[in-house]
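Remarks on the structure that follows.
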Amino acid sequence: MGRPRNAALDTAITAAVEQLLLADGYGAVTIDRVAALAGTTRTALYRRFPGRVALIASALAAHFGTDPAPDTGNLRDDLTELQRRQVEFFQNPVVAAGIAGLLGDLSSDPEWSALFHEGFMAPRRRSTEAMFQRAVDRGEIPPVTHPTVVSDILTGPLLLHVMLPATGPLDDTLVAATVDSALHLLSAGVREG
2 MGRPRNAALD TAITAAVEQL LLADGYGAVT IDRVAALAGT TRTALYRRFP GRVALIASAL
62 AAHFGTDPAP DTGNLRDDLT ELQRRQVEFF QNPVVAAGIA GLLGDLSSDP EWSALFHEGF
122 MAPRRRSTEA MFQRAVDRGE IPPVTHPTVV SDILTGPLLL HVMLPATGPL DDTLVAATVD
182 SALHLLSAGV REG
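Quick note on the working numbering: the sequence shown kicks off at 2 and runs consecutively.
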């Protein structure tokens, strides 16, 4: 076993990433600048993170967690609360400052995309899948065969409205529509091809 991670340094790194995003935008989040702000070295930072996307994934996980799905005891309420949390996520200044640049990096590099998915998206999707399974266990819906499709139905419209504000606001109407769409899919099942 190696040396345990330094929690104080992890906190300093997350704070540095957020500070740079808020002050100067996504392009400012570099290994050199994060290391300087966090009071560490480039070498120490590279031991933890292979680059900017890994830094961002770690900072988002630290700030927002990787288990967003609530357990209210009722699927509609769970989905509504999940969507409210997602709206808060997308409206957070840290996310707003970095999302366009991050999506640009992710769409241009499959390795970075896979790294971000594993570090941030996959755990959050597993949380949502667990929420669906609780609803199955309660008898609210049949077994879910394509949980990622339902997750995409929940998140995709919100992301569209963030990236193209002219499509409309992230509001209760959008939340209700995505919840209704997800409930329809979960109740009817997602058909193959």
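In this text, a Cβ means the ideal position worked out from N, Cα and C, and glycines have one as well. On a predicted model such as this, the values are computed, not experimentally measured, just so you know.
Asked                                                                                                                          : Found
Inter-residue spacing [alpha-carbon to alpha-carbon] between alanine 24 and glutamate 141                                      : 46 Å
Classification of threonine 15 by the beta-carbon crowding that lies within 10 angstroms, buried from 16 upward                : buried
Residue burial classification, glycine 3 (beta-carbon count within 10 angstroms, cutoff 16)                                    : Residue placement at glycine 3 cannot be trusted, given a pLDDT of 49 that sits under 50; what the coordinates show is reported in the next sentence. The residue in question, glycine 3, is exposed, as its Cβ has fewer than 16 Cβ neighbours within 10 Å.
Serine 109 classed as buried or exposed, judged by whether at least 16 other C-beta atoms fall within 10 angstroms             : exposed
Three-way DSSP call (helix, strand, coil) for glutamate 141 in this model                                                      : coil
C-beta atoms of serine 114 and threonine 129 nearer than 7 Å                                                                   : no
Three-pair Cβ contact test at 8 Å for the segment 59-66 versus the segment 38-45                                               : no
The segment 61-79 contacting the segment 119-129, beta-carbon criterion three pairs below 8 Å                                  : yes
Buried or exposed (CB count within 10 angstroms, at least 16 for buried), glutamate 19                                         : buried
Local Cβ density within 10 Å of leucine 171, reported as buried at 16 or more and exposed below that                           : buried
Secondary structure of alanine 36, DSSP reduced to three states                                                                : helix
Nearest-angstrom Cβ-Cβ length linking valine 150 and phenylalanine 133, presumed shorter than 8 Å                              : Going by Cβ atoms, the distance from valine 150 to phenylalanine 133 rounds to 11 Å, so no, they are not a contact pair.
Contact check, alanine 98 vs glycine 26, beta carbons under 7 Å                                                                : yes
Per-residue DSSP class, three states only, for valine 176                                                                      : helix
Cut-off 6 Å between Cβ atoms - residues of its own chain near leucine 76, not counting five sequence neighbours on either side : Ala136 and Glu141
Boundaries of the alpha helix (DSSP H) in which alanine 16 is found, first to last residue                                     : 8-25
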